[in-house]
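Participant: Sharing a structure below in C-alpha cells format, with a few things to ask.
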Amino acid sequence: MKLCSACLLGVRCRYDGKSALNKKVVELLKTETLIPVCPEQLGGLPTPREPAEVIGKKVITKSGQDVTEKFTHGARETLKIAKILGVREAIFKQGSPSCGCGRIYDGTFSGKTIKGDGVTTALLKKNGIKVITEEDL
Ligand code: SF4
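Listed below in C-alpha cells is the structure:
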C-alpha cells in the first residue's frame, strides 16, 4: 500500500481545478493499492486556488499571500494518514510545492525549477517514508 498524489490518479484537485492524470500511475492500480491524498486540500485550501511556490522556508502565492500554515497543516494531515494506515511509501507529483521530490519551482513563478522537496514530501521523508515521483516509474 502506498500514498499517491490524488491528481496523478485523475482527481481534479490541482490549483487550476484540473488533474494530472498519469497512465503509468493508474496502471499500478492493477497490482498495488494506492491511497489518493491531496495535501493542499487536506490543509484547507480551496480548489481551484492561487498557485503557490516555496520561497525559503515559506510558501507564498503568486499575489504574495503567505500560505505556509495551510501547506504545513496539509503535510501533517498526510503524515497522519500514512501513520494510521502504516504506509511506508508514496508516489507524488514532481515539481509541486507540496508533493515535489528533489525538484520544485524556484519561487519566481517563471516555470524555472531548483533542487528541493515540497512541504509534504519533506515531512514524510523526515519520518522515514520513501517518496518517489511519477517520473521515477
Ligand atoms: S498538492 Fe499534491 S496531490 Fe494536491 S494537486 Fe498538488 S501535486 Fe496534486
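Residue numbers (the working numbering): 62 to 198.
Using N, Cα and C, we set each Cβ at its ideal position, and we do this for glycine too.
Thinking C-beta only, is leucine 185 closer than 8 angstroms to valine 192?
Facilitator: yes
Participant: Thinking C-alpha only, which one of Arg137, Glu195, Glu114, Cys68 is nearest alanine 126?
Facilitator: Alanine is not the amino acid found at residue 126; the sequence shown has glutamine there. Looking at the Cα atoms, Glu114 is the closest of the given residues.
Participant: Taking 5 angstroms as the limit, name every residue whose beta carbon sits nearer than that to some heavy atom of the ligand SF4, in sequence order.
Facilitator: Ser66, Ala67, Cys68, Cys74, Arg75, Cys99, Pro100, Glu101, Lys154, Ser157, Ser159, Cys160
Participant: For the stretch 137-189, list the beta strand (DSSP E) runs that are entirely contained and at least 3 residues long, ordered along the chain.
Facilitator: The qualifying runs are 150-153, 164-166, 174-176.
Participant: Quick one: residues in its chain with C-beta nearer than 8 angstroms to the C-beta of threonine 174, no 5 flanking neighbours on either side, listed in chain order?
Facilitator: Gly156, Arg164, Ile165, Tyr166, Asp167
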